[in-house]
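A.B. asks: Numbering (our numbering), first residue to last: -17 to 294. Glycine included, every Cβ here is placed at the ideal spot set by N, Cα and C.
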């Protein structure tokens, strides 16, 4: 840039790119950053109206018991069905939502919609399983989380045990004292709490034992090559042992092969989540998994049900 205004604008573009890269990152300005920033701005403007236009939806991915393959839970995953662009990946629009602050109303919608759907299944006698939603750092730190959870549960007449919240290590470590206070309130309410993507953040073991959480989720990056002779298998086994020593259960994410399942089962993993047992699917399709559960069918059958539907 030649003018002060251009220099400041270009510096902002480099700053936002560096922030998107994560902690302790830096970026030099390049011309493509302005086009990317413009694309994000356009996406943000459309995202602002996505809620009102009912373009957001939740897909549900099963969690199954490691020992018998039965459906025991689900994770609600956000999707944006854009009228022109089709299904937009969360990896594309969630960072924009976080940067703009839109993640707070969107996150509230996710919680309300998941609980509304649970209420529908419960009222229909479908015996729903607990559903977990992902929290953003903005939601967790804004100070209204426990009151929002209580309000949503009251509105939908749901028992607290049907709602789970997933938080990242990095999020928990931002303000440890406040984290402990918030987790204690949510635990006393009966909410199931999970640390998501465990092993990729910065948590200290001395703090981990103070966090009242129920579940550690092994990040998929440690599961991909877990059955081969490398450190991933050792890390996963250590996480499972650590969690059990703290009276926590362990969910392995990204389980896609029998070899991965067998390794994790041999090392005591409690639950599996991944394409081997089912992809994230819309609520209407996930009902087939609830029906299969009522019939006592294992998780591998749930995955087959999904394959049969998507192949039509």
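Just to confirm the assignment: which complete beta strand (DSSP E) runs, minimum length 3, are found wholly within the segment 128 to 155?
C.D. replies: Listed in chain order, the complete beta strand (DSSP E) runs (minimum 3 residues) inside the segment 128 to 155 are 145 to 150.
A.B. asks: In whole angstroms, give me the CA-to-CA distance for residue 194 and residue 165.
C.D. replies: Their backbone Cα atoms lie some 6 Å apart in a straight line.
A.B. asks: List the residues that DSSP assigns as beta-bridge partners of residue 64.
C.D. replies: According to DSSP, which records beta bridges pairwise, residue 64 is partnered with 68.
A.B. asks: Please give the ranges of any beta strand (DSSP E) in the segment 212 to 255, keeping only runs that are unbroken, at least 3 residues long and fully inside the region.
C.D. replies: Listed in chain order, they are 231 to 235, 253 to 255.
A.B. asks: In the DSSP assignment, find the unbroken alpha helix (DSSP H) run with residue 176 in it and report its ends.
C.D. replies: Run containing residue 176: none in the alpha helix (DSSP H); it sits in the beta strand (DSSP E), 174 to 180.
A.B. asks: With DSSP as the reference, please indicate the residues paired to residue 116 in a beta bridge.
C.D. replies: Looking at the DSSP assignment, residue 116 forms a beta bridge with 148.
A.B. asks: Which class does residue 192 belong to by DSSP, given the choice of helix, strand or coil?
C.D. replies: DSSP places residue 192 in coil when its eight states are reduced to three.
A.B. asks: Apart from the five residues just before and just after residue 276, which ones in its own chain have a Cβ nearer than 8 Å to its Cβ?
C.D. replies: Only 108, 109 meet the Cβ criterion.
A.B. asks: So residue 131 and residue 168 are supposed to be a Cβ contact under 8 Å. How far apart are they, rounded?
C.D. replies: Indeed they touch by this definition, with Cβ atoms about 7 Å apart.
A.B. asks: By Cβ distance below 7 Å, which residues in the same chain neighbour residue 30 in space, the five residues on each side in sequence not counted?
C.D. replies: So the list reads 84, once near-sequence residues are dropped.
A.B. asks: Just to check my reading of the structure: residue 197 and residue 41 have Cβ atoms closer than 8 Å, yes? What is that Cβ distance to the nearest angstrom?
C.D. replies: That belief does not hold up - the Cβ atoms of residue 197 and residue 41 are roughly 20 Å apart, past 8 Å.
A.B. asks: Assign residue 252 to one of two classes, buried (16 or more other C-beta atoms within 10 Å of its C-beta) or exposed (fewer than that).
C.D. replies: Buried, by the Cβ-count rule.
A.B. asks: Thinking just about the alpha-carbon of each residue, which of 36, 134, 103, 179 is nearest to the one in residue 61?
C.D. replies: Ranking the options by Cα distance to residue 61, first place goes to 36.
A.B. asks: Comparing alpha-carbon positions, which option in 50, 161, 57 lies nearest residue 144?
C.D. replies: Ranking the options by Cα distance to residue 144, first place goes to 57.
A.B. asks: Buried or exposed for residue 79, please, with buried defined as at least 16 other CB atoms from any protein chain shown within 10 angstroms of its CB.
C.D. replies: So residue 79 counts as buried.
A.B. asks: Less than 6 Å between C-beta atoms, sequence neighbours within five positions excluded: which residues of the same chain meet that for residue 232?
C.D. replies: Answer for residue 232: 198, 222, 225, 251, 252, listed in chain order.
A.B. asks: Whole angstroms is fine: what's the gap from residue 135's alpha carbon to residue 146's?
C.D. replies: So the two alpha carbons sit approximately 12 Å from each other.
A.B. asks: Comparing C-alpha positions only, which one of 33, 129, 201, 152 sits nearest to residue 65?
C.D. replies: Among 33, 129, 201, 152, the Cα nearest to that of residue 65 belongs to 33.
A.B. asks: Please state whether the Cβ-Cβ distance between residue 274 and residue 249 is less than 8 Å.
C.D. replies: Cβ atoms of residue 274 and residue 249: not closer than 8 Å.
A.B. asks: Buried or exposed: where does residue 73 fall if 16 or more other Cβ atoms within 10 Å of its Cβ makes it buried?
C.D. replies: By the neighbour-count rule (16 or more Cβ atoms within 10 Å), residue 73 is not buried but exposed.
A.B. asks: Here's the rule: buried if 16 or more other CB atoms are within 10 angstroms of the residue's CB, otherwise exposed. What is residue 240?
C.D. replies: That one is exposed.
A.B. asks: Once DSSP output is grouped into helix, strand and coil, what is the label at residue 26?
C.D. replies: In this structure, residue 26 counts as helix in the three-state DSSP scheme.
A.B. asks: Please name the residue in 150, 171, 160 whose C-alpha comes closest to that of residue 178.
C.D. replies: Out of 150, 171, 160, 150 has the C-alpha closest to the C-alpha of residue 178.
A.B. asks: Could you have a look at residue 99 and say whether DSSP puts it in helix, strand or coil?
C.D. replies: If DSSP states are grouped into helix, strand and coil, residue 99 belongs with the helices.
A.B. asks: Work out the CA separation of residue 191 and residue 24 for me, nearest whole Å.
C.D. replies: If I take the Cα positions, the gap works out to 43 Å.
A.B. asks: Can you tell which of 238, 204, 256, 103 has its C-alpha closest to the C-alpha of residue 139?
C.D. replies: Nearest C-alpha to residue 139: 103.
A.B. asks: To the nearest angstrom, how far is it from the Cα of residue 207 to the Cα of residue 70?
C.D. replies: Near 28 Å, if we compare the C-alpha coordinates of residue 70 and residue 207.
A.B. asks: Under the rule that 16 or more other beta-carbon atoms within 10 Å means buried, what is residue 116, buried or exposed?
C.D. replies: Buried: at least 16 other Cβ atoms inside 10 Å.
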